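According to my numbering, the sequence shown is numbered sequentially starting from 76. Yeah, the Cβ is synthetic: ideal placement off N, Cα and C, and Gly gets one too. Just so it is clear, the structure is predicted and the values come from calculations on it, not from any experiment. All remarks here apply to the structure that follows.
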Amino acid sequence: MSETPTPRLPTLELPPFLEFLKLKSLPLKVYPPVNQPKRITNDTLYIYGPGPRDSAASFDVDCLIAQIYMRFCGVDVAIVNSNEPKASPSGQLPYFATVTGQVLAGDQIEQWIKDNNKDVLLDQLKDEAIAFMAMLKSKLHAAWLFSMWLEPLNYSEHALPLYFGHVPAPVNSILGRAKKDHVTQQLLTDRDVLSREEIYADAGQVLEALSVKLGENTYFFGKSEPTLMDAVVFAYLHCILSVPPVKRPDAAREEKNRANTLATLVHKHENLVQYAKHIFREYLK
């Protein structure tokens with residue numbers, strides 16, 4: 076059975092006086108796309124920054140771990156002080172964008188370094204390093220969060236301006252309080268009450284263990300070059316030590332001492348202080 080042919084539509088010719096309706100000259104002008112993102116020309120790590128005193132090192136522990144480990148591994152990467160965690164696929168900084176179009180966050184960044192054979196291997200020391208890093212990310216991280224967000228002077232003089240100083244008032248204060256509440260809930264996930272003494276006591280034990288483990292070596296485990304373990308330790312030490320002491324004249328001495336508690340614990344171990352200074356000079360200054 077043959078198909079019935081589709082009838083052709085009639086063509087209409089416009090009279091000369093309606094020629095303008097053919098719109099031959101449109102569009103009159105083509106504008107470029109609005110807010111078209113620029114294509115990056117180099118792999119780029121987006122972090123919180125700059126650090127105190129306009130330091131190249133991030134003031135955020137997680138960002139600094141990624142930043143310094145890429146330096147250790149010789150990864151050619153551009154650094155952008157984003158301060159906008161909502162731009163990240165995870166909603167947190169840091170995140171890493173490659174020229175091939177990948178956008179990675181969290182553990183994906185470390186995996187990318189491994190997949191590209193750029194990581195510094197720990198070999199048979201891997202299990203011990205993992206145990207140390209877990210202790211750091213638990214007890215020392217809790218102390219760092221408490222010191223930054225729940226010590227009143229550190230919150231007002233450091234945490235709020237560092238994390239939300241680029242946001243206009245009063246939105247910065249609203250975001251700061253929300254972050255402070257989030258940190259409080261985060262710290263309460265593995266404890267019934269927030270005990271300042273207990274949190275700092277745990278941190279002191281971790282720092283003592285790190286000091287003993289480092290000894291007189293340049294890097295942990297006596298390695299000739301820094302590893303991921305060194306990236307994690309350095310990030311915490313630097314973020315603690317780089318925050319300048321509060322000098323507000325209206326603040327009581329006891330308040331200032333409380334704000335400086337965690338840095339004081341680090342300063343009890345001269346080898347850790349010199350270790351942090353050495354890595355900063357070698358890789359970030």
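If you count every other CB in all the chains shown that lies within 10 Å of the CB of Glu226, and 16 or more means buried, which is it?
As a first step, residue 226 is located in the sequence shown; it is residue number 151 there, counting from the start. Answer is buried; the Cβ neighbour count reaches 16.
Roughly how many angstroms lie between the CA atoms of Glu330 and Ile140, to the nearest whole one?
Translated into positions along the sequence shown, residue 330 becomes position 255. Translated into positions along the sequence shown, residue 140 becomes position 65. The straight-line gap from Cα to Cα measures roughly 30 Å.
Hey, out of Asn229, Tyr358, Ser222, whose CA is closest to Glu321's CA?
Taking the first residue of the sequence shown as 1, we reach residue 321 at position 246. In the sequence as presented, Glu is not what sits at residue 321; that position holds Val. Nearest option by C-alpha distance: Asn229.
How many Å lie between Arg328 and Asn335 at the Cα?
The count along the sequence shown starts at 1 and reaches residue 328 at position 253. The count along the sequence shown starts at 1 and reaches residue 335 at position 260. Each residue's Cα considered, the two are about 11 Å apart.
Grouping DSSP H, G and I as helix and E and B as strand, with all else coil, what is Phe134?
Looking up residue 134 in the sequence shown gives position 59. The answer is coil: DSSP assigns Phe134 none of H, G, I, E or B.
Is there contact between the region 136-152 and the region 109-127, where contact requires at least three CB pairs shorter than 8 Å?
Counting Cβ pairs under 8 Å, three or more are found: they touch.
Give me the residue from Tyr358, Lys113, Ser213, Ala180 with the minimum Cα distance to Gly279.
Here residue 279 is taken as the residue at index 204 of the sequence shown, counted from 1. With respect to the C-alpha of Gly279, the residue from Tyr358, Lys113, Ser213, Ala180 having the closest C-alpha is Ser213.
Whole-angstrom distance between Pro107 and His32, CA atom to CA atom:
One cannot answer for residue 32 here, as it falls past the ends of the chain, which runs 76 to 360.
Starting from Gly154, trace the beta strand (DSSP E) both ways and give me its first and last residue.
By one-based count along the sequence shown, residue 154 stands at place 79. In the sequence as presented, Gly is not what sits at residue 154; that position holds Ile. Residues 153-156.
In this structure, what does DSSP give as the bridge partners for Thr119?
On the sequence shown, residue 119 is found 44 positions in, with the first residue counted as 1. Beta-bridge pairing links Thr119 to Ala153, Ala172.
For His233 and Val318, the rounded distance between their alpha carbons
Locating residue 318 in the sequence shown gives position 243, where the first residue counts as 1. Locating residue 233 in the sequence shown gives position 158, where the first residue counts as 1. One C-alpha to the other measures close to 7 Å.
Same chain only: Cβ atoms within 7 Å of Leu263, ignoring 5 sequence neighbours per side:
In the sequence shown, residue 263 corresponds to position 188, counting from 1. The residues are Leu269.
Burial state of Asn292 (16 or more Cβ within 10 Å)
One-based indexing of the sequence shown puts residue 292 at position 217. Result: exposed.
Would you report the Cα separation of Pro164 and Pro91, rounded to the nearest angstrom?
As a position in the sequence shown, residue 164 is number 89, starting the count at 1. As a position in the sequence shown, residue 91 is number 16, starting the count at 1. In this structure, the CA atom of Pro164 is about 58 Å from the CA atom of Pro91.
Assumed close pair Phe221, Ile274 - CB separation to whole angstroms, cut-off 8 Å:
Numbered from 1 along the sequence shown, position 146 holds the residue referred to as residue 221. Numbered from 1 along the sequence shown, position 199 holds the residue referred to as residue 274. Going by Cβ atoms, the distance from Phe221 to Ile274 rounds to 5 Å, so yes, they are a contact pair.
Looking at the secondary structure, which residues open and close the alpha helix (DSSP H) in which Ala217 lies?
Along the sequence shown, one-based indexing puts residue 217 at 142. Start and end: 216-220.
Do three or more CB pairs link the region 127-141 to the region 162-181 at distances below 8 Å?
Of all C-beta pairs linking the region 127-141 to the region 162-181, three or more are shorter than 8 Å, placing the two stretches in contact.
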